[in-house]
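Student: Have a look at the structure that comes next, please.
Numbering (the working numbering), first residue to last: 137 to 281.
Listed below in structure tokens is the structure:
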């Protein structure tokens, strides 16, 4: 009888999942939607594992450590049009060392920008088109023309 129930359970499981691992229905980064208008240090953004793991995977461990170590002066985070945006700069070095992280809920894609010595570098998980907010950020508005 136990064998029969076990086999029945296995057959039901494989039918409902199609034999493949199912993807969680809730997005692990949904909490970012509640951060509109808040500051990253107040909500302890860099202690949120789902966010930090994804960001570190995107930019690499060395650049992530640099970003985290120098993320000092931050702007209020924004959630608009299904995109989350966090932006900051290094203390006493805004315009020279800046950071931006964008998460697009529609495409489940994270983007980042790191500017060091006024030279910006952007990162995209899926190597897709950068969101306009990051494209605009990439233009160095601090250099006199």
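Note that beta-carbon positions come from the ideal geometry of N, C-alpha and C, so glycine has one too.
(1) What do you reckon, are the CB atoms on residue 212 and residue 247 nearer than 8 Å?
(2) Can you tell me which of the three DSSP states residue 216 falls into?
(3) Can residue 238 and residue 269 be called in contact, C-beta distance under 8 Å?
(4) Which class does residue 267 belong to by DSSP, given the choice of helix, strand or coil?
(5) With a floor of 4 residues, list each alpha helix (DSSP H) that falls wholly inside the stretch 179-213, ordered by position along the chain.
(6) Take residue 261 and list the residues in its own chain whose beta-carbon comes closer than 7 Å to its own, dropping the five residues that flank it on each side.
(7) Only counting the same chain, and skipping five residues up and downstream in sequence, which positions put a Cβ closer than 6 Å to that of residue 259?
(8) What residues in its chain sit with their C-beta under 6 Å from that of residue 220, if we drop five residues either side in the sequence?
(9) Would you tell me roughly how many angstroms separate the C-alpha atoms of residue 226 and residue 242, rounded to the nearest one?
(10) Distance, Cα to Cα, residue 257 vs residue 197?
Tutor: Considering the structure as presented:
(1) no
(2) strand
(3) yes
(4) coil
(5) 185-195 and 197-206
(6) 194, 245 and 246
(7) 194, 195 and 248
(8) 168 and 239
(9) 30 Å
(10) 15 Å
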